[in-house]
Amino acid sequence: MVSTPAQIHQPRARRRRSGRVHPAWGVAAVAFVALVGAAGFRAAPGVLMVPLHDELGWSTSLVSLAVSVNLVLFGLTAPFAAALMERFGMRRVVACALLLIATGAALSSRAQAAWQLLPTWGLLIGLGTGSMALVFAATVADRWFVRRRGLVIGVLTAGSATGQLSLLPVVAVTSDALGWRTALLVVAGAALAVVPLVLALLRDRPLDLGVLPYGAEPRPDEGAEASSPLEAASPRVAPAQAPAARGGAAGRALAALRTASRRPAFWGLAGAFAICGATTNGLVGVHFVPSAHDHGMATTTAAGLLAVVGIFDIAGTIASGYLTDRVDPRLLLLAYYAFRGVGLLVLPSLLGPSVHPSMLLFVVVYGFDWVATVPPTAVLCRELFGSAGTVVFGWVFASHQVGAAVAAGAAGVLREQTGTYTAAWLGGAALCAVAAVLSVSLRRAPRQEAPAPTSP
37 MVSTPAQIHQ PRARRRRSGR VHPAWGVAAV AFVALVGAAG FRAAPGVLMV
87 PLHDELGWST SLVSLAVSVN LVLFGLTAPF AAALMERFGM RRVVACALLL
137 IATGAALSSR AQAAWQLLPT WGLLIGLGTG SMALVFAATV ADRWFVRRRG
187 LVIGVLTAGS ATGQLSLLPV VAVTSDALGW RTALLVVAGA ALAVVPLVLA
237 LLRDRPLDLG VLPYGAEPRP DEGAEASSPL EAASPRVAPA QAPAARGGAA
287 GRALAALRTA SRRPAFWGLA GAFAICGATT NGLVGVHFVP SAHDHGMATT
337 TAAGLLAVVG IFDIAGTIAS GYLTDRVDPR LLLLAYYAFR GVGLLVLPSL
387 LGPSVHPSML LFVVVYGFDW VATVPPTAVL CRELFGSAGT VVFGWVFASH
437 QVGAAVAAGA AGVLREQTGT YTAAWLGGAA LCAVAAVLSV SLRRAPRQEA
487 PAPTSP
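Okay, here's the thing in structure tokens:
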């Protein structure tokens with residue numbers, strides 16, 4: 037009897053499932069390390085703002101402008117990066133992004149005037165970090181995983197946020213001991229060190245290794261007709277068949293935006309995620325250290341508190357990914373934004389020259405909540421927009437960074453106009469209430485996965 041292609045490939049898939057660790061987990065591990073290496077610059081602005089002002093006299097609002105440009109590009113690059121990964125592969129795009137980050141950080145260390153931060157901090161690093169944004173995590177989870185997708189997005193999101201926050205003490209100590217220019221070279225080195233690992237070990241699609249995505253099963257009703265059971269189990273991972281692999285990346289990204297923008301759910305997700313960015317990267321990520329410094333706290337101590345946020349963020353984001361696979365994502369977002377709003381509401385009364393138990397409680401709660409919103413938001417994009425969900429999530433993430441950019445700039449202006457950050461913290465708390473309402477009001481659609489196998 038002659039074996040069909042499906043019969044030839046199925047034993048190999050079974051061996052992968054039964055005896056060996058699925059290569060999807062190796063790809064996820066490489067992606068985690070890459071996200072940590074790319075996150076170095078995200079730690080820099082908050083701790084370098086005071087040294088830049090003290091040494092060169094650059095104003096907080098001027099430095100905040102460079103950070104805002106970076107945050108906008110960080111977000112707007114994301115949907116195009118997602119489309120580029122579909123066309124050229126994750127490995128090439130990620131390696132180029134890390135090189136852009138390293139180049140921008142190295143050139144920033146040579147800046148002699150504030151405007152020079154715009155093309156380095158703003159343009160180069162904005163493009164690089166945008167290409168390594170959370171759409172990279174969503175792309176890895178979408179291509180390589182059918183089961184545990186929410187958990188994987190949570191773990192990779194933790195890698196991005198933890199890389200940012202865990203490097204804060206390193207950047208702060210280096211800046212104090214050796215100067216802010218050396219601190220930026222450390223950031224450049226962290227990004228550059230990951231490039232060889234990405235080129236050697238990151239793989240674009242399960243089909244490249246001749247395996248199924250983790251948790252996928254060949255469809256017995258279609259396996260003999262498709263070119264291979266791998267394509268039958270997950271058509272989206274086959275480059276020859278996936279719609280995202282044809283046409284220009286920009287056209288793909290813009291087409292996804294045109295289609296998604298016709299639905300109210302897109303605007304609800306984008307609005308809530310813009311507030312998420314405003315209350316994390318924009319406010320706390322950029323201005324917590326300067327605000328604590330205003331209240332007499334040492335810069336290194338404040339940076340250490342944000343690093344603790346990163347430690348608890350690991351547990352919080354992984355737990356959020358686990359819960360996203362089991363609980364209505366809208367309810368999770370409601371809870372996350374509510375807790376975040378309460379934290380920002382009480383923050384002005386907690387800041388002082390020393391660390392006390394109430395401040396530690398704020399750090400723990402904010403750590404658990406820092407990017408816990410990402411797994412449910414990414415999964416909702418996948419459920420609501422089907423195979424275009426990854427690129428749509430790129431646009432939703434762009435709104436996240438626009439919100440962060442607006443908040444970073446506005447908080448800097450409020451600080452200079454009023455002499456305090458109190459109005460910025462209270463405004464962020466009010467916005468969290470709006471995000472909670474937007475999230476719980478979303479109307480879910482049935483999951484748009486590939487059809488289940490028919491029973492024999």
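If you're matching positions, the sequence shown starts at 37 in the numbering used here and goes up one per residue.
All C-beta atoms, glycine included, are put in the ideal place defined by N, C-alpha and C.
According to DSSP, is residue i helix, strand or coil?
i, result
"Y250", "strand"
"A472", "helix"
"P389", "coil"
"S297", "coil"
"Q148", "coil"
"Y373", "helix"
"R288", "helix"
"D331", "The sequence shown places His at residue 331, not Asp. Looking at H331 - three-state DSSP - the assignment turns out to be coil, as it is neither helix nor strand."
"A363", "Before going further, note that residue 363 is Val rather than Ala in the sequence given. It is coil, neither helix nor strand."
"A174", "helix"
"D212", "helix"
"S196", "helix"
"R241", "coil"
"P47", "Confidence in P47 is poor, its pLDDT being 43 and thus under 50, which makes the residue's placement unreliable; the coordinate value appears in the next sentence. It is helical."
"A262", "With a pLDDT of only 40 at A262, under the threshold of 50, the placement of this residue in the model should not be trusted, and no figure is reported."
"R479", "coil"
"A169", "coil"
"L381", "helix"
"L220", "helix"
"L160", "helix"
"L341", "helix"
"L203", "coil"
"Q484", "Per-residue confidence for Q484 stands at a pLDDT of 42, beneath the threshold of 50, marking its modelled position as unreliable; the derived number appears in the next sentence. It is coil, neither helix nor strand."
Compare the beta carbon distance of residue i and residue j with 8 angstroms and say whether it is the shorter of the two.
i, j, result
"S475", "L359", "no"
"A310", "L112", "no"
"I189", "A173", "yes"
"G352", "A441", "no"
"L234", "A80", "It is Val, not Leu, that sits at residue 234 in the sequence shown. Against a cut-off of 8 angstroms, the Cβ pair of A80 and V234 comes out as no contact."
"G439", "A314", "yes"
"T165", "F110", "yes"
"L98", "A147", "no"
"G251", "R184", "yes"
"L228", "L136", "no"
"S477", "G307", "no"
"G357", "V182", "no"
"A289", "A118", "yes"
"L243", "V66", "no"
"V344", "G403", "yes"
"W461", "L383", "yes"
"P115", "R179", "no"
"F375", "A296", "no"
"A444", "V103", "yes"
"A286", "R479", "no"
"A334", "L221", "no"
"A219", "S211", "yes"
"E193", "P412", "Residue identity differs from the one stated: residue 193 is Thr in this sequence, not Glu. No, these two residues do not count as a Cβ contact at 8 angstroms."
"G199", "A75", "yes"
"T409", "V209", "no"
"D405", "Y372", "yes"
"A414", "C312", "no"
Taking CB distances under 8 angstroms as the criterion, tell me whether residue i reaches chain B.
i, result
"A213", "No chain B is part of this structure, which consists of one protein chain only."
Rounded to whole angstroms, how far is the Cβ of residue i from the Cβ of residue j, which I believe are closer than 8 angstroms?
i, j, result
"D364", "T456", "Rounded, the Cβ-Cβ distance is 39 angstroms, inconsistent with contact."
"V399", "L341", "5 angstroms"
"T186", "D361", "According to the sequence displayed, residue 186 carries Gly and not Thr. Yes, they are in contact, since the Cβ atoms of G186 and D361 sit about 4 angstroms apart, within 8 angstroms."
"A70", "V130", "6 angstroms"
"V105", "G140", "V105 to G140, Cβ: 12 angstroms. No contact."
"W216", "L84", "5 angstroms"
"H323", "A459", "No, H323 and A459 are not in contact; Cβ-Cβ is about 12 angstroms, not under 8 angstroms."
"C468", "L367", "With a Cβ gap of about 16 angstroms, C468 and L367 do not count as contacting."
"A226", "G321", "Not confirmed; about 17 angstroms, so no contact."
"S144", "T156", "4 angstroms"
In the DSSP assignment, what residue or residues form a beta bridge with residue i?
i, result
"F181", "Y250"
Examine the ligand MN and report whether any of its heavy atoms sits within less than 7 angstroms of the Cβ of residue i.
i, result
"A131", "Only the bare structure without any ligand can be found here, which leaves the ligand MN out of the picture."
Note down, one range per segment and in chain order, each alpha helix (DSSP H) of at least 4 residues found wholly within the segment 55-130.
59-74, 80-92, 96-124
Curious, which full-length alpha helix (DSSP H) runs of at least 4 residues does the segment 389-469 contain?
393-405, 410-421, 425-454, all fully within the segment 389-469.
Counting only runs of 4+ residues fully inside the segment 305-331, write out the alpha helix (DSSP H) ranges in chain order.
322-330
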